[in-house]
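Input: a single structure, listed below in structure tokens.
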Amino acid sequence: MSSGLGRVVIVGAGHAGSAAAAALRQFGWAGRVTLIGEEPLPPYQRPPLSKAWLKGDADFAGLLLRPAAFYPANAIELRLSERVVRIDRPAKAVRLITGEAIRYDCLILALGAAARPLNVPGAALRGVLALRSVPDAEALRRALRRGVRLVVIGGGYIGLEVAASARVLGAEVTVIERESRVLSRVACPALSDFFAREHVARGVRLECGAAVEALEGAGGAVAGARLSDGRLLAADLVLVGVGAGPNQTLAREAALACDDGIVVNERARSSDPNIFAIGDCARRPLPLYGRTMRLESVPNALEMAKQAAAALCGRGPPVPEVPWFWSDQYELRLQIAGLPFDVAQTVSRGNPETGGFALFHLTADDMVRAVEAVNAAPEFMAGKTMIARLRRVAAERLRDPRHTLQELAS
Ligand code: FAD
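Counting from 1, position 285 in the sequence shown corresponds to residue 311 in our numbering; the numbering is continuous, with no gaps.
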């Protein structure tokens, strides 16, 4: 379908779905574009829900990805509060929960991910919250008051960001992490140690290597988290941040290939050539790293939206991007570019004690594969360029501040 005259239906009106609709129009798609989302709100950003918005530093209008008028102005039919329950591939139609069938020529699945539930007794008690959507964030914000005892289960990005925001709001915060260090799946040990120290210095109690066995309640509301070593941590509020899983049931039921994510090629096409999958719900190839992965990040959602829209509009694929991510905790801005596959050495620039710093991860033959930068935007940008250019930089040069970033990246 490269004529641009058919109907594209996009299921999921989040970051990826709304970006795909916009990119289709930007790339000249002349046919119908229908964007269907089950949430009642127009597409909005999730990152501020654990950061600026949670702390009260951003208003709701600032969350919206595009003004509501953008959609009619670009002939994008935005259908909110509508849930798609089935894909009928032979009929090329999706079915809504109301029974209505909507035909498509091409379908883009932008279904996102869902917060993983905590499977322990007491997980359904009042005051046990997850964080994925605006209603989740509103419930959390209402409950976060000075002195409230918050237990965060999971020391990943969302858990640590909420811990930081809650401390700023005056809550007493404990973070429980099953692994031996925070951010264990997503950051190198040195970075984990840095963030652990920063949280502890700001009054967060950190329990690593600790498993929650049960949540205990009083009068239907949560009152504490019981650890497997028998200790009970008192809590008025529990945030479960134990990761997210891809929303892939629709695809699986339609017999599309799935493997922790809807499997797509480098143009975001699924195993059905008329169906694309983008964003958190998709498992995609990463050409720079020679493997496939499911990524949960805004830059990935935007990139895949471009890939799908370009393929549909008969344009060449976008240049393979360097995956990147950011996280804000207190006044610390973490930016990560690349992925630390096949790395053999880590080089540090800057000084964590006195200001910004960056950790560059290199292969044994000096190829820069990833950079983790804290309050160090120039190092992040230079590292991203080095990764994209497959630059080899000797560790001693990278470490030596007499060599400028510009010189190293060019
Ligand atoms: P989503 O934005 O989740 O959108 C999917 C949409 O599809 C949802 O609205 C869902 O309701 C809808 N949907 C699903 N199934 C159906 C159906 N059957 N019918 C109709 N609609 C359906 N990323 C970063 O890069 N940096 C950050 O700092 C960062 N912080 C984050 C903080 C929080 C609290 C959260 C939750 C996420 C954060 N992320 C961050 C991740 C980022 O928000 C996601 O990667 C991004 O939203 C993915 O976009 P998406 O469109 O794939 O999924």
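A virtual CB, placed ideally from N, CA and C, is assigned to each residue, including glycine.
Source: prediction; values computed, not measured.
Taking a contact to mean a Cβ-Cβ separation below 8 Å, would you say residue i touches residue j in this structure?
i, j, result
"Leu-155", "Leu-265", "yes"
"Leu-106", "Pro-68", "yes"
"Thr-200", "Arg-231", "yes"
"Ala-49", "Met-330", "no"
"Phe-302", "Ser-323", "no"
"Val-34", "Val-120", "no"
"Val-178", "Asp-262", "no"
"Leu-259", "Val-188", "no"
"Ile-288", "Ile-134", "no"
"Ala-236", "Ile-202", "yes"
"Arg-375", "Pro-343", "no"
"Ala-384", "Ala-399", "yes"
"Arg-72", "Gly-269", "no"
"Glu-164", "Arg-109", "no"
"Leu-253", "Glu-239", "yes"
"Asp-391", "Val-419", "no"
"Arg-417", "Ala-435", "yes"
"Gly-182", "Cys-307", "no"
"Arg-228", "Arg-193", "yes"
"Leu-209", "Gln-355", "no"
"Val-369", "Arg-425", "no"
"Thr-318", "Pro-311", "yes"
"Ala-402", "Gly-382", "yes"
"Arg-158", "Ala-140", "yes"
Reducing DSSP to helix, strand and coil, say where residue i ends up.
i, result
"Ala-49", "helix"
"Leu-434", "helix"
"Glu-205", "coil"
"Thr-380", "coil"
"Asp-114", "strand"
"Ala-94", "coil"
"Ile-184", "helix"
"Val-199", "strand"
"Ile-304", "coil"
"Trp-79", "helix"
"Gln-274", "coil"
"Gln-71", "coil"
"Phe-367", "coil"
"Leu-314", "coil"
"Glu-347", "coil"
"Arg-395", "strand"
"Val-400", "strand"
"Ser-297", "coil"
"Ile-413", "helix"
"Ala-260", "strand"
"Val-243", "According to the sequence displayed, residue 243 carries Gly and not Val. In this structure, Gly-243 counts as strand in the three-state DSSP scheme."
"Cys-132", "strand"
"Asp-85", "coil"
"Ser-374", "strand"
"Ser-28", "The pLDDT assigned to Ser-28 is 48, lower than 50, so where the model puts this residue is not dependable, and the model offers no usable value."
"Glu-126", "coil"
Do you know whose CA, among the options, lies nearest residue i's CA?
i, options, result
"Glu-379", "Leu-217, Val-369 and Leu-253", "Leu-217"
"Glu-103", "Ala-39, Asp-83 and Pro-161", "Ala-39"
"Val-290", "Arg-320, Leu-276 and Asn-273", "Arg-320"
"Phe-53", "Cys-339, Gly-235 and Ala-101", "Cys-339"
"Ser-191", "Leu-135, Gly-246, Ser-76 and Pro-325", "Ser-76"
"Gln-371", "Phe-386, Ala-149 and Gly-181", "Phe-386"
"Asn-145", "Arg-228, Glu-433 and Gly-267", "Gly-267"
"Ala-294", "Arg-317, Cys-234 and Gln-333", "Gln-333"
"Gly-316", "Val-208, Pro-366, Pro-343 and Ser-296", "Pro-366"
"Gly-245", "Ala-150, Ala-165 and Leu-122", "Ala-150"
"Ala-408", "Asp-368, Phe-220 and Gln-361", "Gln-361"
"Ala-197", "Ala-169, Phe-86, Ala-99 and Cys-214", "Ala-169"
"Pro-161", "Pro-66, Arg-92 and Phe-96", "Pro-66"
"Pro-349", "Gly-381, Arg-395, Ala-336 and Ala-335", "Arg-395"
"Ile-413", "Asp-219, Cys-132 and Thr-389", "Thr-389"
"Ala-456", "Ser-159, Thr-124, Gly-125 and Phe-96", "The requested residue 456 does not occur in the structure, where the chain is confined to residues 27 to 436."
"Leu-122", "Glu-292, Gly-180 and Ile-62", "Ile-62"
Going by the C-beta, is residue i closer than 7 Å to any heavy atom of the ligand ZN?
i, result
"Arg-158", "Among the ligands modelled here, namely the ligand FAD, the ligand ZN does not occur."
Check whether the stretch 111-119 touches the stretch 276-289, counting contact only when three or more Cβ pairs, one atom from each stretch, lie closer than 8 Å.
yes
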